[in-house]
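FYI, the numbering used here numbers position 87 of the sequence shown as 87, with every residue one higher than the one before it.
Cβ coordinates follow ideal geometry from the N, Cα and C atoms, glycine included.
Predicted model, so just to flag it, every value in this text is computed and none were measured.
Presented below is the structure to which this report refers.
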Amino acid sequence: MNATGQRPWTVTPSGLVVTIRLTPKGGRDAVDGIATLSDGRVVLKMRVRAAPTDGEANAALMAFLAKTLDVARRAMTLAAGETARIKRIEIDGDGAALAARLEQLVR
1 MNATGQRPWT
11 VTPSGLVVTI
21 RLTPKGGRDA
31 VDGIATLSDG
41 RVVLKMRVRA
51 APTDGEANAA
61 LMAFLAKTLD
71 VARRAMTLAA
81 GETARIKRIE
91 IDGDGAALAA
101 RLEQLVR
């Protein structure tokens, strides 16, 4: 848990919105926990093996997150951050259940 106890996800009427700081070429696909950035934003730190070229890292992130949360890839949308390290992903489904799965990942 980060120092403030905040979470980088928000339950919405249609599902969940997650803010992620992605590390491409990270050696493995993994969730590295929660961090608070210098500007105060809280993010879920993730890494993928894929390089940040031609959208490969974004595709790897989406595939890994879909598998990890057991949701269909088509239920996920990259809402912001296509070319940035900080990304916002919208996931359609039961927001409370998705949040509970993420909570288990970051313990």
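### Query
Which term fits residue 53, buried or exposed, when burial requires 16 or more other beta carbons within 10 angstroms of its beta carbon?
exposed
### Close-in-space but distant-in-sequence residues of the same chain around residue 76 (CB under 8 Å, 5 per side omitted)
62, 65, 66, 89, 90, 91 and 92
### Beta-ladder partner(s) of residue 46, from DSSP
22 and 31
### Message
Between which residues of its own chain and residue 46 is the CB-CB distance below 6 Å, once the five residues before and five after are set aside?
### Response
20, 22 and 31
### Query
What first and last residue would you give for the beta strand (DSSP E) that runs through residue 78?
Residues 76-80.
### Message
Can you tell me whether residue 5 is buried or exposed? The criterion is at least 16 other CB atoms within 10 Å of its CB, across all chains shown.
### Response
exposed
### Task
Closer than 6 Å by C-beta to residue 35: which residues in its own chain qualify, once you throw out the five before and the five after it? Chain order, please.
Cβ neighbours of residue 35 beyond the five flanking positions: 43 and 45.
### Query
Start and end of the beta strand (DSSP E) containing residue 68?
Segment 56-69 is the alpha helix (DSSP H) holding residue 68; no beta strand (DSSP E) there.
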